[in-house]
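A quick write-up on the structure given underneath.
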Amino acid sequence: MQEPTFLILTALAAGPQHGYGVITDVERISDGQVRLRAGTLYAALDRLQAEGLITQDREEIVDGRVRRYYRLTGDGATRLATEAERMRRHARAATARLRAAGSGGVA
7 MQEPTFLILT
17 ALAAGPQHGY
27 GVITDVERIS
37 DGQVRLRAGT
47 LYAALDRLQA
57 EGLITQDREE
67 IVDGRVRRYY
77 RLTGDGATRL
87 ATEAERMRRH
97 ARAATARLRA
107 AGSGGVA
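In this note's numbering, the protein residues as written are 7 to 113.
Have a look at this one:
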């Protein structure tokens, strides 16, 4: 799973959000390291929706424009949890190897 996808699913794990909310949440979650552009986000949302990982929650009209909210599906939550566990295992392996090699900077 690509990092932006992981972060989008993570943002939606907190509850339904509209596109701009996802963009700002992803930036916050990543400590500013990932900044999604609107075109990138909406392409990803379409793909994730087609894969059944997210669904449209509701629509609102704000200043004459449609604001769509998306939410994580059960399959999306399962996929996010699986990916988070995979990342944890890899991080543990990297940390163990760095310690064994005597590399600095590992607490």
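Yeah, the Cβ is synthetic: ideal placement off N, Cα and C, and Gly gets one too.
| Check | Outcome |
| --- | --- |
| Specify the secondary structure class of L78 as computed by DSSP and reduced to three states. | strand |
| Which whole-angstrom value is the C-beta distance of Y48 and G27, which I expect to be below 8 Å? | Rounded, the Cβ-Cβ distance is 13 Å, inconsistent with contact. |
| Let's test the definition: count the other Cβ atoms within 10 Å of the Cβ of L104 and tell me whether it reaches 16, buried, or not, exposed. | exposed |
| State yes or no: is the beta carbon of A87 nearer than 8 Å to at least one beta carbon in chain B? | In summary, chain B is missing from the structure at hand, where a single protein chain is found. |
| For the putative contact between Y75 and Q39, defined by C-beta atoms under 8 Å, what is the C-beta separation to the nearest angstrom? | Wrong, their Cβ atoms sit about 25 Å apart, outside the cutoff. |
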